[in-house]
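Shown next, in structure tokens, is the structure this report addresses.
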Amino acid sequence: MEDSSHYRIQVSVQVRYLADQSDEADNRHVFAYTITLTNEGEQAVQLLSRHWIINDANDHVQEVKGKGVVGEQPVIKPGQSFEYTSGTVLATQVGTMSGSYLMQVVDGGEFTVPIPQFVLSVPRVLH
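Residue numbering for the sequence shown follows our numbering, starting at 20 and increasing by one per position.
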């Protein structure tokens, strides 16, 4: 694994609660998250896989691993961004997600990009 400090990948997250797909009575809370990955480094990189850790308020932990994101393994050139939207379902009104992406420099080495923890919350639950 290479030192990722040469490769600067900025991760930004926006979260939305999908009230129309959620069912409060059934403890089904659906969230969409949009992630923007910006390559601030000097080499093109490819996103190979993702690893998510999803926690709800009942301390239920779900791990999700898989190739790429939304069916793609995008190549992100220097100065470019890749944005995608995905979703998750929680049994509680509040939870968190964090994880990492495994990236590969187009000419070879792999490195990990951490995804900082972010909060999933039904509006008006957290103040």
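Even glycine gets a Cβ: it sits at the ideal position worked out from N, Cα and C.
Practice problem: Look at valine 138 and valine 113 and say whether their C-beta atoms are less than 8 Å apart. | Solution: Locating residue 138 in the sequence shown gives position 119, counting from the first residue. Locating residue 113 in the sequence shown gives position 94, counting from the first residue. Cβ distance < 8 Å, so valine 138 and valine 113 count as in contact.
Quiz item: Going by Cα to Cα distance, which pick from His70, Asn46 and Thr53 is closest to serine 100?
Solution: The count along the sequence shown starts at 1 and reaches residue 100 at position 81. Of His70, Asn46 and Thr53, the residue nearest in Cα terms is Thr53.
Quiz item: Along the chain, where does the beta strand (DSSP E) that runs through aspartate 75 open and close?
Solution: Here residue 75 refers to the residue found at position 56 when the sequence shown is read from its first residue. Its beta strand (DSSP E) spans residues 64-75.
Quiz item: Got a sec, what are the start and stop residues for the beta strand (DSSP E) glycine 127 sits in?
Solution: The residue you call residue 127 lines up with position 108 of the sequence shown. Note, glycine 127: premise wrong, no beta strand (DSSP E); not H, not E.
Self-check item: C-alpha distance - glycine 128 paired with alanine 51, whole-angstrom precision
Solution: Numbered from 1 along the sequence shown, position 109 holds the residue referred to as residue 128. Numbered from 1 along the sequence shown, position 32 holds the residue referred to as residue 51. Going from the Cα of glycine 128 to the Cα of alanine 51 covers about 32 Å.
Exercise. Would you kindly work out how many angstroms separate the C-alpha atoms of tyrosine 103 and glutamine 33, rounded to a whole number?
Key: Residue mapping note: residue 103 aligns to position 84 of the sequence shown, counting from 1. Residue mapping note: residue 33 aligns to position 14 of the sequence shown, counting from 1. Cα to Cα, the separation comes out at about 11 Å.
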